[in-house]
Amino acid sequence: MAAPEHVPVDRTRYLRTYESPPRRPDPWLAVRPGELVDGQPRGEQLGNPGPDQGYVLVLARRFHGKLELTSGEHERDALAGATGVALKRASLFGRAPVVHDLTVALTVWGFLGAADPELVRLRQGLFAEVAHPHHYLNQRRIADLVPDEVLRMTPQQVTEAHRTDWRGLLANLSPAAH
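Each step along the sequence shown adds one to the number in the working numbering, with nothing skipped, and position 146 is 177.
Here you go:
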């Protein structure tokens with residue numbers, strides 16, 4: 032940056048100019064110890080990476096006071112469990128979460144309409160205290176119970192499927208899950 036005219040300048044001093052960095056003879060290779068060579072690992076309890084996932088917390092606020100909860104269920108637990116499902120859905124499409132992701136997640140678990148008593152018993156056990164940070168594995172279990180095929184459905188398709196057979200929207204339902 033040029034100095035103002037009233038500032039004295041030593042005209043004998045070397046002026047810096049731009050120089051390109053020295054050329055590297057070899058190409059740069061990703062050989063760091065933490066580098067993922069085969070891409071992001073997938074599987075149960077590994078999560079689902081995607082862009083701007085924190086936005087799901089803004090979207091979750093839109094559902095405050097709108098969930099149909101039974102005695103012993105808490106809104107914060109329902110939303111915490113549903114956010115994992117919503118993020119899984121968003122990552123399948125390679126995008127940030129949108130309101131439809133949460134709508135699908137809450138519909139699958141029966142929080143947006145009259146839920147079957149058996150589904151309520153199932154979700155009461157799964158969603159209990161899941162909002163607490165130490166219950167991450169429980170949050171992953173909730174997300175892993177919803178198969179990718181269901182998450183690729185539109186919200187209208189999920190609503191219709193939930194009305195006809197909510198069990199078809201969940202995978203790996205075993206007696207231990209009840």
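For each residue, glycine too, the CB sits at the ideal point set by N, CA and C.
How is the alpha helix (DSSP H) around residue i delimited, first residue to last?
i: Y45; result: It is not in any alpha helix (DSSP H) - Y45 carries neither H nor E in the DSSP assignment.
i: P148; result: 148 to 158
i: V130; result: 130 to 139
i: P186; result: 186 to 196
Quick check: does the Cβ of residue i come within less than 7 angstroms of any heavy atom belonging to the ligand HEM?
i: V116; result: The ligand HEM is absent from the structure shown, which contains no ligand whatsoever.
Report buried or exposed for residue i, applying the criterion of at least 16 other Cβ atoms within 10 angstroms of its Cβ.
i: S102; result: exposed
i: V177; result: buried
i: V270; result: Outside the displayed span of the chain (32 to 209) sits residue 270, for which this structure offers no information.
i: D196; result: exposed
i: S205; result: Unreliable positioning characterises S205 in this predicted model, as indicated by a pLDDT of 48, which lies under 50. The coordinate reading is nonetheless provided below. The residue is exposed, with fewer than 16 neighbouring Cβ atoms inside 10 Å.
i: R126; result: exposed
i: R120; result: buried
i: A10; result: Nothing in the structure corresponds to residue 10, since the chain is present only between 32 and 209.
How many angstroms separate the CA atom of residue i from the CA atom of residue j?
i: P128; j: P52; result: 41 angstroms
i: L98; j: A117; result: 16 angstroms
i: E104; j: E191; result: 24 angstroms
i: G78; j: A136; result: 15 angstroms
My understanding is that residue i touches residue j, with C-beta atoms under 8 angstroms, so please give their C-beta distance in whole angstroms.
i: H193; j: T134; result: Going by Cβ atoms, the distance from H193 to T134 rounds to 11 angstroms, so no, they are not a contact pair.
i: V189; j: L201; result: Not confirmed; about 12 angstroms, so no contact.
i: L182; j: L143; result: In fact, because the Cβ distance is near 16 angstroms, the residues do not count as touching under 8 angstroms.
i: R171; j: G115; result: 7 angstroms
i: G112; j: I173; result: 4 angstroms
Three or more C-beta pairs under 8 angstroms: does that hold for the region 41 to 60 against the region 136 to 154?
No: fewer than three Cβ pairs fall under 8 angstroms.
Should the region 103 to 114 be regarded as contacting the region 162 to 171, the criterion being three or more beta carbon pairs within less than 8 angstroms?
yes
Examine the Cβ distances between the region 89 to 99 and the region 44 to 51 and report whether three or more of them are shorter than 8 angstroms.
no
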